[in-house]
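K.L.:
First the structure, then my questions, so here it is.
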Amino acid sequence: MTSSPVAPLVPAGAAGVVAPPRPLAERLFPRESSTPAGIARAPLDAPLRPGAAPAVLDITEFFGETSGGIRTYLLEKAKYVEARACLRQVIVVPGPHDAVTEAAGVRCYRLRGAPIPGQAPYRLMLGRTPIRRIVAHERPHVIEVGSSFAVPWLVRGVARELGVPLAYFYHSNLGRLASPAPERDGVVRQVASQGAWAYARLIDRQFAITVATSRFSVSELTAHGIERVVRVPLGVDLDTFHPVRRARREETRARHGLPIDRPLLGFVGRFAMEKEFPMLMDAWSEIERRSDAWLVLVGDGPHRSQLEAFARGRRVTVLPYQTTREALADVHAALDLYVAPCSIESFGLSSLESLASGTPVLGPDLGGVREQVENSGGGRLYEAGSAEALAHEALGLLSVDLTALGAAGRAYAEREHAWSHVFDRLFDVYRGLRPA
């Protein structure tokens, strides 16, 4: 694939020119939209695309206005469905208030939920009545559950009554969230990990299949007694995340107040403890001491204030969540090196976006990012959890020409991770599921 981003040649609104439709994210998740009567009571429009098959209902608690990977996954699936009249998608996610929005073949229900304490921007999803009503009204052929806490219990009754199979998309590594390194962690964390895996086996009884995105996740699941697993890696928008954006990297850096004459390392994602920021901060102290490099952290989350405090007086910039994919792609392309600190990523979508942008990735030798680095040849690995090892490898990479690594990463993304191929595979999995 050799396509590159294309800018409009004529301004929208010019004579004889039809303005392009609003981006799908704005149509499905507008900032201001509500259903005054509430979804539990308001009249519901007829399902879109009658007869389309398979029709999938995606439901997850792990969704917010400034969340990353799962939001991207759902939007890319919506783009895929919108372009194929034979398919239909229903999205059910929490929001600040009840709302219903639509695109071609795609309907999104937002259910009002209170923020989860300490887990911004995520919200609770506890409304059994509106969820039951939505499922009964939309009659999907399969329900894909994208979170492991309340949602499996909220949908299992109505799914069983209607004979709709449940698929679980393994976005988050439950066991390693409790104990990132069970072979080294203390007894308390090990017991917590065992409890998390026991819970995973409990909810697994409800699912016809579990979809995992990496061999690492498949191995972890099967080792803990979850055997009905299929691997479907995530994808990347190859037109948006493209090395052509590197030609304007100085402009991008200047726009964000970043230096144009220093090596730039970066991370993009949720600012949460499971991303292993303390280890990254320890490593950065050594990298900063021994080089003239700069670090940029892009995103949002419950530990943003801690990262901002760390950045003061250091060569570190903290940028907000980028509200458009184009702005995010510009940042990825402006980096010299992407650093992935988290060793428990089930996949690592931001790492793939950097590879597609021609930016090498430095990742841990454990987890989903490891597979991307190994399979692409587009970066290097360091010992997971070791700040010293991360700093050593980063300093080594900063001393060599990274062009070949960047090209290898882009070639790998083109070869293995087009979203169209991902969803071709996923909808084939759906077609193979039998009614519950």
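Residue numbers (the working numbering): 935 to 1370.
Here a beta-carbon is modelled for each residue, glycine too, at the ideal position from N, C-alpha and C.
Using CA coordinates, which residue listed in 1129, 1227, 1291, 1258 is at the minimum distance from residue 1006?
P.N.:
Along the sequence shown, one-based indexing puts residue 1006 at 72. Of the listed residues, the one whose Cα sits closest to residue 1006 is 1258.
K.L.:
Here's the rule I'm using: 16 or more other beta-carbon atoms within 10 Å means buried, otherwise exposed. How should residue 1194 be labelled?
P.N.:
Indexing the sequence shown from 1 puts residue 1194 at position 260. With fewer than 16 other Cβ atoms inside 10 Å of its own Cβ, residue 1194 counts as exposed.
K.L.:
Quick one: what's got a C-beta closer than 6 Å to residue 1270's C-beta in the same chain, skipping five residues either side?
P.N.:
If you number the sequence shown from 1, residue 1270 lands on position 336. Counting only residues of its own chain and dropping the five nearest sequence neighbours on each side, residue 1270 has a CB closer than 6 Å to the CB of 1197, 1198.
K.L.:
Can residue 1294 and residue 1331 be called in contact, C-beta distance under 8 Å?
P.N.:
Start at 1 with the first residue of the sequence shown, and residue 1294 comes out as number 360. Start at 1 with the first residue of the sequence shown, and residue 1331 comes out as number 397. For residue 1294 and residue 1331, yes; Cβs fall inside 8 Å.
K.L.:
For residue 1305, is the classification buried or exposed, using 16 other Cβ atoms within 10 angstroms of its Cβ as the cut-off for buried?
P.N.:
The residue given as residue 1305 occupies position 371 in the sequence shown. With 16 or more other Cβ atoms within 10 Å, it is buried.
K.L.:
Which same chain residues end up closer than 6 Å to residue 1214 when comparing Cβ atoms and leaving out the 5 residues on each side of it in sequence?
P.N.:
Translated into positions along the sequence shown, residue 1214 becomes position 280. Excluding sequence neighbours, residue 1214 sits near 1275.
K.L.:
Within 8 Å, do at least three Cβ pairs link the region 1061 to 1068 to the region 970 to 981?
P.N.:
Contact holds: three or more Cβ-Cβ distances are below 8 Å.
K.L.:
Compute the beta-carbon to beta-carbon distance between residue 1040 and residue 962, rounded to the nearest angstrom, for a pair I have assumed lies under 8 Å.
P.N.:
As a working mapping, residue 1040 is identified with position 106 in the sequence shown. As a working mapping, residue 962 is identified with position 28 in the sequence shown. Indeed, because the Cβ distance is near 7 Å, the residues count as touching under 8 Å.
K.L.:
Using the Cα positions of residue 1001 and residue 1056, report the straight-line distance between them to the nearest angstrom.
P.N.:
Here residue 1001 is taken as the residue at index 67 of the sequence shown, counted from 1. Here residue 1056 is taken as the residue at index 122 of the sequence shown, counted from 1. Straight-line Cα distance between these residues: approximately 8 Å.
K.L.:
Report yes if the C-beta distance between residue 979 and residue 1023 is below 8 Å; otherwise report no.
P.N.:
The residue you call residue 979 lines up with position 45 of the sequence shown. The residue you call residue 1023 lines up with position 89 of the sequence shown. Judged by beta-carbon spacing, residue 1023 lies beyond the 8 Å limit of residue 979, meaning their Cβ atoms are not closer than that value.
K.L.:
What residue from 1344, 965, 1015 has the CA that sits closest to residue 986's CA?
P.N.:
For the purposes of this step, residue 986 is taken as the residue at position 52 of the sequence shown. Out of 1344, 965, 1015, 1015 has the C-alpha closest to the C-alpha of residue 986.
K.L.:
Around the Cβ of residue 1087, are there at least 16 other Cβ atoms within 10 angstroms (buried) or fewer (exposed)?
P.N.:
Here the question's residue 1087 lines up with position 153 in the sequence shown. With fewer than 16 other CB atoms across the displayed protein chains lying within 10 angstroms of its CB, residue 1087 is exposed.
K.L.:
Tell me the rounded alpha-carbon separation between residue 1308 and residue 1034.
P.N.:
Walking along the sequence shown from the start, residue 1308 turns up at place 374. Walking along the sequence shown from the start, residue 1034 turns up at place 100. Residue 1308 and residue 1034: Cα-Cα distance of roughly 42 Å.
K.L.:
So which of 1080, 1037, 1289, 1090 has the shortest CA-CA distance to residue 1108?
P.N.:
As a working mapping, residue 1108 is identified with position 174 in the sequence shown. Considering only alpha carbons, the answer is 1080.
K.L.:
In whole angstroms, what separates the C-alpha of residue 1220 from that of residue 1060?
P.N.:
Within the sequence shown, residue 1220 is the residue found at index 286, counting from 1. Within the sequence shown, residue 1060 is the residue found at index 126, counting from 1. If I take the Cα positions, the gap works out to 45 Å.
K.L.:
Write down every uninterrupted run of the beta strand (DSSP E) in the region 1306 to 1347 whose length is 3 residues or greater and which is fully enclosed by it, in chain order.
P.N.:
1313 to 1316
K.L.:
Can you check which of these residues, 1222, 1282, 1113, is closest to residue 1127 by C-alpha distance?
P.N.:
Sequence index remark: in the sequence shown, residue 1127 carries index 193 (1-based). Distances from the CA of residue 1127 to each of 1222, 1282, 1113 were compared; the closest alpha carbon is that of 1113.
K.L.:
Could you pull out every residue in the same chain whose Cβ sits closer than 6 Å to the Cβ of residue 1102, ignoring the five residues on either side in sequence?
P.N.:
If you number the sequence shown from 1, residue 1102 lands on position 168. Short of 6 Å from the beta carbon of residue 1102, and not among the five residues preceding or following it, lie these beta carbons of its own chain, in chain order: 1079, 1141, 1144.
K.L.:
I'd like the list of long-range same chain contacts for residue 943, defined as Cβ closer than 6 Å, with 5 residues on each side in sequence excluded.
P.N.:
Mapped onto the sequence shown, residue 943 falls at position 9. Residue placement at residue 943 is flagged as unreliable, the pLDDT there being 38, under the threshold of 50; the coordinate-derived value follows with that caveat. The answer is none, since no qualifying residue turns up.
K.L.:
Within 10 angstroms of the Cβ of residue 1239, are there 16 or more other Cβ atoms? Answer buried if so, exposed if not.
P.N.:
For the purposes of this step, residue 1239 is taken as the residue at position 305 of the sequence shown. With fewer than 16 other Cβ atoms within 10 Å, it is exposed.
K.L.:
Need the endpoints of the alpha helix (DSSP H) that residue 1143 sits in, please.
P.N.:
Numbered from 1 along the sequence shown, position 209 holds the residue referred to as residue 1143. No alpha helix (DSSP H) contains residue 1143, which is instead part of the beta strand (DSSP E) from 1143 to 1146.
K.L.:
Helix, strand or coil for residue 1418 per DSSP?
P.N.:
Summary: the structure shown does not reach residue 1418, with the chain confined to residues 935 through 1370, and so no result is reported for it.
K.L.:
As a quick exercise: from 1004, 1243, 968, pick the residue whose alpha carbon is nearest that of residue 1046.
P.N.:
If you number the sequence shown from 1, residue 1046 lands on position 112. Closest option to residue 1046, Cα to Cα, is 968.
K.L.:
Three or more beta-carbon pairs under 8 Å between the region 1236 to 1251 and the region 1341 to 1361, yes or no?
P.N.:
no
K.L.:
Measure the CB-CB distance between residue 1311 and residue 1289 and report whether it falls below 8 Å.
P.N.:
Along the sequence shown, read from residue 1 onward, the residue named residue 1311 stands at position 377. Along the sequence shown, read from residue 1 onward, the residue named residue 1289 stands at position 355. Against a cut-off of 8 Å, the Cβ pair of residue 1289 and residue 1311 comes out as no contact.
K.L.:
Out of 1303, 1070, 999, 1315, point me to the one whose CA is closest to residue 1168's CA.
P.N.:
Looking up residue 1168 in the sequence shown gives position 234. The shortest Cα separation from residue 1168 among 1303, 1070, 999, 1315 belongs to 1303.
K.L.:
My parser needs the beta strand (DSSP E) runs of 3 or more residues fully inside the region 980 to 1032; what are they?
P.N.:
989 to 993, 1022 to 1029
K.L.:
Roughly how many angstroms lie between the CA atoms of residue 1328 and residue 1296, to the nearest whole one?
P.N.:
Sequence index remark: in the sequence shown, residue 1328 carries index 394 (1-based). Sequence index remark: in the sequence shown, residue 1296 carries index 362 (1-based). Roughly 7 Å separates the two Cα atoms.
K.L.:
Can you give, in chain order, each stretch of the alpha helix (DSSP H) that sits fully within the region 1147 to 1185 and has at least 4 residues?
P.N.:
1149 to 1157
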